[in-house]
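Q: Attaching a single structure in C-alpha cells format; questions to follow.
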Amino acid sequence: MLARSAECLYWIGRYLERTEHLCQLLGVQIGALIDRPVRELTFGWHRIYKHLQETPPSAGQEDEFTFSEDETLADAFTLTDDLTFEAGNKYSIWSCFAQSRENARQVRHCISEDMWSSLNLSYLRVRNATLADIWQDEPELFYVDLVRDVNTFFGMASVSMYRDEGWDFLQLGKTIEHLQLRVNLLAIQSQDSIPLPSDGSRDFEWTSLLNAYRANGAYQQNYGIDINGEDALDMLVSNADLPNSLMYAITRTDERIRALDLAPDAKSGESALRISGRLKSLVDHEWPDSDDRTRMLLLISNLADRLHGQIAEAWFNYRNENAARQF
1435 MLARSAECLY WIGRYLERTE HLCQLLGVQI GALIDRPVRE LTFGWHRIYK HLQETPPSAG
1495 QEDEFTFSED ETLADAFTLT DDLTFEAGNK YSIWSCFAQS RENARQVRHC ISEDMWSSLN
1555 LSYLRVRNAT LADIWQDEPE LFYVDLVRDV NTFFGMASVS MYRDEGWDFL QLGKTIEHLQ
1615 LRVNLLAIQS QDSIPLPSDG SRDFEWTSLL NAYRANGAYQ QNYGIDINGE DALDMLVSNA
1675 DLPNSLMYAI TRTDERIRAL DLAPDAKSGE SALRISGRLK SLVDHEWPDS DDRTRMLLLI
1735 SNLADRLHGQ IAEAWFNYRN ENAARQF
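For the sequence shown, the working numbering assigns the number 1435 to the initial residue and increments by one for each residue that follows.
Here it is as C-alpha cells:
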C-alpha cells in the first residue's frame, strides 16, 4: 500500500475516534448543566481542556477560568461552541469531521461507497448546524447522534471494507487515538492538577468519568453501586474486557501492528513492536503493584506518544523527510 494512502486511513481512524471521545465528554458535561453545582461544572470543563492540552477561549493567557452562578450557561455555551464548531480549534468536532472527510476524499479507492456516504452525511450534519440551533432543546442529543454517526461509519467499514493493510491502518489509527486520549484523561484526573469541588467530594469526578467511558454498568457489576476512585481507575486502566479501558486499546494496537507487513523503515517498525510490548507488560505486571499511579499513567502516556511517532516513521514518513504532518 502507498504510504500516503496508509497515512490517510490511519488518520481517518484517529480523527473519528477523537470525535467520539469528545462527543462522549461533551454529552456528559452538557447533561450536568441541568442540576449540578457550578464547582462541578468548572471541574468538568477543566478536565476536558487540560487533557487535550488546549487553552479554553475564556482563559486568556492564564490557562485558567472560573464560573460565577450568573455566568454558568453563557460560559458553557462559549466553551461548547469552541469544542464543537470552532474551525480554528484542531480538536473541535467540526475540525475532526472536516479532516476525516478530506483524508477519505484522497483515498476513495481504498474505502467503500457506504463508508464515504456515511462520513459525508456526518460532515454535512455538522457543517450545516450551529450551536444556537441545537442549544434550544436538548443539545446533548446532538452529541448522541454524532456518536451514532461515528459508530455507523465503523460499522460500514466492518461489513464492506476489504481486509488488506488499509483496514489495519484504519483500525490502528482508531486504537492509538483511543489510547492517547484516554491515558491523558486518566493522568490529568489522577494528578489532581485540576480544581476539585470545594467540599472535597469526588463523587461527580468519578461518576461523570464512568459515564463518559460508558462503564457505569461494568463498574457496578464488578464493585457494586458505591463509587471508589481507586477501583474506578484500576478498572479503566487494566480491565481487558472493558472496550474503553487502556488495556483493551493497548492489546488491539499491538495486534494491529503485528498484522502489518514488514515496515519500509524496519528499525522504526521493530521499535514500534517493542514499545507496544512494553505497554502491555507495564499494565499487566507493573500497574497492579504500583504505589504511584500518576507516575505510571504519565509513563504510559509517554510510551503511547513514542509509539505513534515510531509508527509514523516506520510506515509513513520514511518516503520523504519533508512529508506534511497531521496532528
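Heads up, the beta-carbon is just placed ideally off N, CA and C, and yes, glycines get one too.
Note that this is a predicted model, so its numbers are computed, not measured.
Work out the CA separation of S1526 and L1716 for me, nearest whole Å.
A: So the alpha carbons of these two residues sit roughly 32 Å apart.
Q: By alpha-carbon positions, which one of I1691, L1713, K1714 ends up nearest to E1704?
A: Measuring from the Cα of E1704, the nearest candidate turns out to be I1691.
Q: Would you identify the three-state DSSP class for S1724, choosing helix, strand or coil?
A: In the structure shown, S1724 sits in coil (DSSP, three-state: anything other than H, G, I, E or B).
Q: Here's the rule: buried if 16 or more other CB atoms are within 10 angstroms of the residue's CB, otherwise exposed. What is K1701?
A: By the 10 Å Cβ count, K1701 comes out exposed.
Q: Helix, strand or coil for D1583 per DSSP?
A: Here D1583 sits in helix by DSSP.
Q: Within its chain, find whatever has a CB closer than 8 Å to the CB of S1624; leave out the 5 residues flanking it on each side and keep chain order.
A: Closer than 8 Å at Cβ, skipping near neighbours: L1667, R1727, T1728, L1731.
Q: On the criterion of 16 or more Cβ atoms from any shown chain inside 10 Å, does D1504 qualify as buried, or is it exposed?
A: Model confidence at D1504 stands at a pLDDT of 49, short of 50, so the residue's coordinates are unreliable; what they give is reported in the following sentence. By the neighbour-count rule (16 or more Cβ atoms within 10 Å), D1504 is not buried but exposed.
Q: If N1440 and E1611 are in contact, beta carbons under 8 Å, what's the gap, nearest whole angstrom?
A: First, the amino acid is wrong: residue 1440 is Ala here, not Asn. Contact flag wrong, Cβ pair sits at about 16 Å.
Q: Nearest by alpha-carbon distance to R1686: which of F1603, N1562, D1695 is it?
A: Considering only alpha carbons, the answer is F1603.
Q: Nearest to L1553 by CA position, among R1616, A1652, V1584, is which residue?
A: Here the closest residue by C-alpha is V1584.
Q: Only counting the same chain, and skipping five residues up and downstream in sequence, which positions put a Cβ closer than 6 Å to that of E1574?
A: Once the five neighbours on either side are set aside, the close Cβ partners of E1574 are G1461, I1464, G1465.
Q: When the distance is taken between beta carbons, is K1608 closer than 8 Å to G1447?
A: Yes, the pair counts as a contact, with Cβ atoms nearer than the cut-off.
Q: With DSSP run on the structure shown, which of helix, strand or coil describes D1598?
A: Reduced to three states, the DSSP call for D1598 is coil.
Q: To the nearest angstrom, how far is it from the Cα of R1535 to the Cα of M1549?
A: Those two C-alpha atoms are separated by around 10 Å.
Q: Do you know how far the Cα of A1706 is from the Cα of V1617?
A: C-alpha separation (whole angstroms): 18 Å.
Q: Any heavy atom of the ligand SAM inside 7 Å of the beta-carbon of L1707?
A: Only the bare structure without any ligand can be found here, which leaves the ligand SAM out of the picture.
Q: State the Cα-Cα distance for the pair A1782 and N1736, rounded to the nearest angstrom.
A: One cannot answer for residue 1782 here, as it falls past the ends of the chain, which runs 1435 to 1761.
Q: According to the neighbour-count rule (16 or more other Cβ atoms, all chains shown, within 10 Å of its Cβ), is G1658 buried or exposed?
A: Under this definition G1658 is an exposed residue.
Q: What span of residues does the alpha helix (DSSP H) with H1480 cover, start to end?
A: H1480 -> alpha helix (DSSP H) spans 1472 to 1486.
Q: Would you check if the distance between the CB atom of W1479 and the CB atom of L1513 is smaller than 8 Å?
A: Yes, these two residues count as a Cβ contact at 8 Å.
Q: Among Q1655, H1719, Q1605, which residue has its Cα nearest to the Cα of G1545?
A: As written in the sequence, residue 1545 is Ile, which differs from the Gly given in the question. Out of Q1655, H1719, Q1605, Q1605 has the C-alpha closest to the C-alpha of I1545.
Q: May I have the straight-line CA-CA distance separating D1699 from W1749, to the nearest angstrom?
A: Spanning the two alpha carbons is a distance of roughly 7 Å.
Q: Which residue wins for smallest C-alpha separation from I1482, given the options C1442, F1587, S1642?
A: When each option's Cα is compared against that of I1482, the closest is S1642.
Q: Please name the residue in Y1647, E1720, N1662, L1615 whose C-alpha comes closest to that of D1739.
A: For D1739, the nearest C-alpha among the options comes from L1615.
Q: Can you tell which of S1679, L1450, L1459, V1472 has the C-alpha that lies nearest to the C-alpha of Y1557?
A: That would be L1450, whose Cα lies nearest to the Cα of Y1557.
Q: Any idea what DSSP makes of T1564, helix, strand or coil?
A: Looking at T1564 - three-state DSSP - the assignment turns out to be coil, as it is neither helix nor strand.
Q: Can you tell me whether DSSP reads S1679 as helix, strand or coil?
A: It is coil, neither helix nor strand.
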